[in-house]
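Protein chains in written order, with this note's numbering: chain A, 0 to 113; chain B, 12 to 143.
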C-alpha cells in the first residue's frame, strides 16, 4: 500500500490537488493507496467549504471511492489543536491518534508527503 | 539495489533538488542503480534550462544534467505539473502555441504513471521535498 500524507491547507496552491493526482495515479494502476491528513492538512476535510474560484476539494473527496481510494485517515491531535471536531469534517474519515499514525507510516511500503 | 528518486520542491526556493542530487551521487557511488528520477509539483522547475543563477551558486538544472549524462539517468518531469508552471518542451510549445520552450535536453516530460511504474520496479523510493 502507498500512503499520501496531506499536511498543507486547502486552496493555498496546488499541493492538495497534486497529492490527490498522485493517489489516483497509483489506484489507476491497481496499487492500493490511502490518504493521511495531518497538521494544516486537516483543514482540507472541513464539511463547509465553498471555494469561490478554485476547484472544490469536497467534490474530489466524494469521488475517491469511485477510484478505489477508500481509506482516509486524520490525526486526532491535529484536529484538537485547531479546534476542529469530527462533526466539522466530512464523513468516512477515520480519526486516529498520533501513535496510530506512526504505525500506519511504518507499515506502509511507500510514503509521499508533498 | 534500485531506487526511484522523487523531488517535490523547487530549486532556489528550496534545497530539495540539491539534497536529492547529493543522495543520488552517494547512492551511485555505493554501487546501486537509479531506476528513474521524477520531478513533481514545484520541482518541475529543475527542468527549466532558462534559469541562469549566478555562477557561484548551485545550479540544480545543470548539476542534474551532468549527473544524468555521466550515469545515463532517466530524468522525468511531470507533464501536468510542468505545463502549469511554464516548463515546456518543443512539442508542447507548438501544441499550446507558446513563444518558446525551455525543457533541457537531459530531461523529458512524462506522466505520473511513469512515477508509479518506476516505484513498483524499485527496491526503494526516496523522496525530497520541503520537509524532507
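Backbone N, C-alpha and C fix where the C-beta goes; we use that ideal spot for every residue, glycine too. All values derive from a computational prediction rather than experimental measurement.
Listed along the chain, the chain A residues whose CB falls inside 8 Å of the CB of residue 48/B amount to none; the nearest CB is some 15 Å away. The CB of residue 87/B never comes closer than 9 Å to any CB in chain A; the least such distance is about 13 Å. Chain-ordered, the chain A residues with CB closer than 8 Å to the CB of residue 136/B read 109. Taking each of 90/B, 78/B, 29/B and 58/B in turn and checking the Cα distance to residue 39/B, the smallest one comes out for 78/B.
Per DSSP, the unbroken alpha helix (DSSP H) holding residue 127/B starts and ends at 123-132.
In the DSSP assignment, the residues bridged to residue 15/B are 47/B and 136/B. Counting only residues of its own chain and dropping the five nearest sequence neighbours on each side, residue 78/A has a CB closer than 6 Å to the CB of 41.
In the structure shown, residue 54/A falls within a coil segment according to DSSP collapsed to helix, strand and coil. Residue 107/B sits in coil when the DSSP states are folded into three classes, being neither helix nor strand. The C-beta of residue 57/B comes no closer than 8 Å to any C-beta of chain A. Under the Cβ criterion of 8 Å, residue 127/B is counted among the residues facing chain A. Against chain A, a Cβ distance below 7 Å from residue 40/B picks out nothing, because the smallest value is about 24 Å. Interface flag for residue 34/A against chain B is unset, since no Cβ pair is found closer than 8 Å.
With distances taken between CA atoms, residue 100/B lies nearest to 118/B out of 36/B, 83/B, 118/B and 41/B.
Contacts with chain B (Cβ-Cβ distance below 9 Å) from the segment 22-48 of chain A involve 23, 24, 25, 27, 28 and 30, listed in chain order. Residues are counted here when their Cβ sits less than 8 Å from a Cβ of chain A; for the segment 92-109 of chain B these are 92 and 95, given in chain order.
Rounded to whole angstroms, the gap between the alpha carbons of residue 2/A and residue 109/A is 6 Å. Around residue 51/B, the beta-carbon contacts reaching into chain A at under 8 Å are 17, 21 and 113. Between the alpha carbons of residue 112/B and residue 88/B lies a gap of roughly 14 Å.
Closest in C-alpha terms to residue 85/B, from the list 41/B, 24/B, 50/B and 95/B, comes 50/B.
Excluding its 5 nearest sequence neighbours in each direction, residue 76/B has C-beta neighbours in its own chain below 7 Å: 115 and 117, listed in chain order. Taking all protein chains shown into account, residue 32/A has 16 or more neighbouring C-beta atoms within 10 Å of its C-beta and is therefore buried.
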